[in-house]
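J.: Structure below; questions to follow.
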Amino acid sequence: MIYMDNSATSYPKPETVTLAVKRALDGCVANPGRSSHREASRTAMAVYRVRERLADFVNTEPERVVFTYNATMALNLALFGSLRKGDRVLTTPFEHNSVLRPLYRMEREGRITLDFLKVSTYDENVVCDDLLKHLDGDKKPTAVVMTHTSNVLGLRLPIERIGAICKDKNVFFIVDGSQGLGSSRIDVEVCGIDILCTSGHKGLYGITGSGFMALSRKCRRELEPLLWGGTGIASREKGMPDGYPERLEAGTVGVVGIESLGAGVEYVTSVGCDTIAEKTKSLRKILTEGLSVIPRVRVYAPESDSVSIVLFNIDGMSCDETAVSLDGFDIASRGGFHCSPLAHSFLNTDGAVRLSASHFNTEAECQAVLSAISHITKGL
Amino acid sequence: MANKESFFISLGGMTQALRAERLLTEKGIECTVSKRSEASGCVWGVYVKGEARVSVVSTLRANGIGGV
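From first to last, the protein sequence lines are chains A and B. So the number in the working numbering is just where the residue sits in the first sequence, counting from 1, plus 1. So the number in the working numbering is just where the residue sits in the second sequence, counting from 1, plus 43.
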């Protein structure tokens, strides 16, 4: 199989991740943070080491790393936990439904007002200028929620510039790093981010069921829990304890997923985010240039400074038919709206096919994909 | 000179306690993560052996490990 669906979840995983999963199953057998026996302590220390590694990776403190089971849970925790009644929230059309649906719900309930920033696929000044325009208006935004990298185009948004504006104007800033982390190293201090949310199983190479939320040291708001339950401490209190991460981590954490995430981040760090981005960008270039000369193929926003994603359609074929045809060649792609309906509206598609490479893919695999697409178009 | 003693410092959650243990061990201070039952329920902290309490507490505070 040629796997080109890494934006959904990455495959293959580094061997060290597979080994970490086995090690966790064999060696982290107790519940961390509950009992104080030797096995529980061993597991707790293993979890803590990953917390340290992630904190170092995004530049915060270990206790400000909150483990979740995916990016959706991290984003729900960040959005429902930090946004207050009366907040005026700005977001972008490039957001995933894990951002949009919580925001729509809060808007529907009258808790927030919601507006969208203008974006461009080739000019990052557009989104920055539009934010400044909103800040000069009567209804100044109080929070910005934005993806680091679009899961539809692979396009990076100017997070550092937006963060500087938010910092200067005291606007709360939440970032979805799910598609960016791995090929980018996001420093929450440098980027002026209050809360960074991500899955663990994409560019960080952990297994599905892993994710985390990181609060910066200077996070301007305290978070309310999303879940209430056992924490191993303050059990006689009716509410959740005040301290992070326990306040936000009700219930037993997913130790195996956490261990896989730790190994994944160690792998990414050892290879280097820049090296990974360079490789995936070169693969994208091969795919984009190859697709552009195949008749009937339309590539969306080929000019964008995308990290790894190629979005395309074949005239006369639905995106789903194309994805199924590619599957016939043993090529894994994804057709549809990629849970980001507004990005597709922005690009004026009725769904499209996404090819998303990881740094494990090869040039030969890209050529095989191009050959398969060429073959499919000839059959029309 | 402050008196040296053995004592428990309550830190709330296990994560804070592990961070404290890591820091104190790096500084050559003998300690172990430990759990105690208190009025509010259980609490994690570090049990420190043969040190001046005031010095350990200020070391933790200086490194942002709090509630002590």
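Glycine is no exception: its CB is placed at the ideal position from the N, C-alpha and C atoms.
Could you list which residues in chain B have their beta carbon closer than 9 angstroms to that of M241 of chain A, in chain order?
T.: Under the 9 angstroms cutoff, chain B gives no residues; its nearest Cβ is about 11 angstroms from M241 of chain A.
J.: Below 7 angstroms CB to CB, which residues in the same chain sit around Y12 of chain A once its five sequence neighbours on both sides are set aside?
T.: If we look at Y12 of chain A and ignore the five residues flanking it on each side, its Cβ neighbours are Y4.
J.: Need the endpoints of the alpha helix (DSSP H) that R109 of chain A sits in, please.
T.: It spans 98-109 - the alpha helix (DSSP H) in which R109 of chain A sits, taken as one unbroken run.
J.: Helix, strand or coil: how does DSSP classify V111 of chain B here?
T.: With a pLDDT of only 39 at V111 of chain B, under 50, the local geometry of the prediction cannot be trusted, and no value is derived from it.
J.: Is any beta-carbon of chain C found at less than 8 angstroms from that of Y206 of chain A?
T.: The chain inventory of the structure shown lacks chain C, comprising the protein chains A and B.
J.: Three Cβ pairs or more, each shorter than 8 angstroms: is that satisfied between the stretch 135-147 of chain A and the stretch 178-189 of chain A?
T.: No, because fewer than three Cβ pairs between the stretch 135-147 of chain A and the stretch 178-189 of chain A fall closer than 8 angstroms, the two stretches do not touch.
J.: Locate the beta strand (DSSP E) running through D177 of chain A, then write down its first and last residues.
T.: Taken as a continuous stretch (DSSP letters only), the beta strand (DSSP E) holding D177 of chain A covers 173-177.
J.: How big is the Cα-Cα spacing for I234 of chain A and L371 of chain A?
T.: Taking the straight line from one Cα to the other gives about 56 angstroms.
J.: Given this structure, state the Cα-to-Cα distance separating R186 of chain A from T232 of chain A, to the nearest angstrom.
T.: Computed Cα separation, rounded: 31 angstroms.
J.: Check the Cβ-Cβ distances between V86 of chain B and every residue of chain A, and say whether any is below 8 angstroms.
T.: Yes, contact with chain A.
J.: Can you list, in chain order, the stretches of the alpha helix (DSSP H) that have 4 or more residues and sit fully within the stretch 44-90 of chain A?
T.: 72-83, all fully within the stretch 44-90 of chain A.
J.: Taking its Cβ as the centre, do 16 or more other Cβ atoms sit within 10 Å of M2 of chain A, making it buried, or is it exposed?
T.: Burial call: exposed.
J.: Going by the beta-carbon positions, is the gap between T93 of chain A and M147 of chain A smaller than 8 angstroms?
T.: For T93 of chain A and M147 of chain A, yes; Cβs fall inside 8 angstroms.
J.: With distances taken Cα to Cα, identify the nearest neighbour of L78 of chain A among A:C192, A:L55, A:G273, A:L227.
T.: Closest by alpha carbon: A:L227.
J.: Using only alpha-carbon positions, find the residue among A:S359, A:A344, A:I377 that is nearest to S121 of chain A.
T.: The shortest Cα separation from S121 of chain A among A:S359, A:A344, A:I377 belongs to A:A344.
J.: Do L312 of chain A and A369 of chain A have their CB atoms nearer than 8 angstroms?
T.: No, these two residues do not count as a Cβ contact at 8 angstroms.
J.: Only counting the same chain, and skipping five residues up and downstream in sequence, which positions put a Cβ closer than 7 angstroms to that of V51 of chain A?
T.: Within the same chain, V51 of chain A has close Cβ partners I259, E260, L262, G263.
J.: Against chain A, with Cβ distances strictly below 8 angstroms, would V111 of chain B count as a contact?
T.: For V111 of chain B, the pLDDT reaches just 39, beneath the cut-off of 50, and the residue's location in the model is therefore unreliable, although a value from the coordinates is still provided. With 8 angstroms as the cut-off, V111 of chain B does not count as an interface residue toward chain A.
J.: Just reading off the beta strand (DSSP E) that L356 of chain A is part of, what are its end residues?
T.: Unbroken beta strand (DSSP E) run through L356 of chain A: 353-357.
J.: Could you tell me the boundaries of the alpha helix (DSSP H) in which I160 of chain A lies?
T.: Its alpha helix (DSSP H) spans residues 160-170.
J.: Taking 7 angstroms as the cut-off, is the C-beta of V272 of chain A nearer than that to any heavy atom in the ligand SAM?
T.: As far as ligands go, the structure on display features none, and thus does not contain the ligand SAM.
J.: Quick one: is W229 of chain A buried, meaning 16 or more other Cβ sit within 10 Å of its Cβ, or exposed?
T.: With fewer than 16 Cβ atoms within 10 Å of its Cβ, W229 of chain A is classed as exposed.
J.: Judging by CA-CA distance, which residue of A:D331, A:L249, A:F58, A:I374 is the nearest neighbour of C274 of chain A?
T.: Residue A:F58 is the option with its Cα nearest to C274 of chain A.
J.: Does the distance from the C-beta atom of V100 of chain A to that of D177 of chain A stay below 8 angstroms?
T.: Contact: yes.
J.: Taking only beta carbons into account, state which residues of the stretch 216-234 of chain A come closer than 8 angstroms to chain B, listed in chain order.
T.: Those would be T232, G233, I234, in chain order.
J.: Find out if the Cβ-Cβ distance for the pair R112 of chain A, V308 of chain A is shorter than 8 angstroms.
T.: Contact flag unset, no.
J.: Measure the C-alpha to C-alpha separation of Y268 of chain A and D139 of chain A and round it to an integer number of angstroms.
T.: Taking the straight line joining both Cα atoms gives about 48 angstroms.
J.: Does DSSP put K219 of chain A in a helix, in a strand, or in coil?
T.: Correct three-state label for K219 of chain A: coil.
J.: Roughly how many angstroms separate the alpha carbons of S53 of chain B and V86 of chain B, rounded to a whole number?
T.: Spanning the two alpha carbons is a distance of roughly 7 angstroms.
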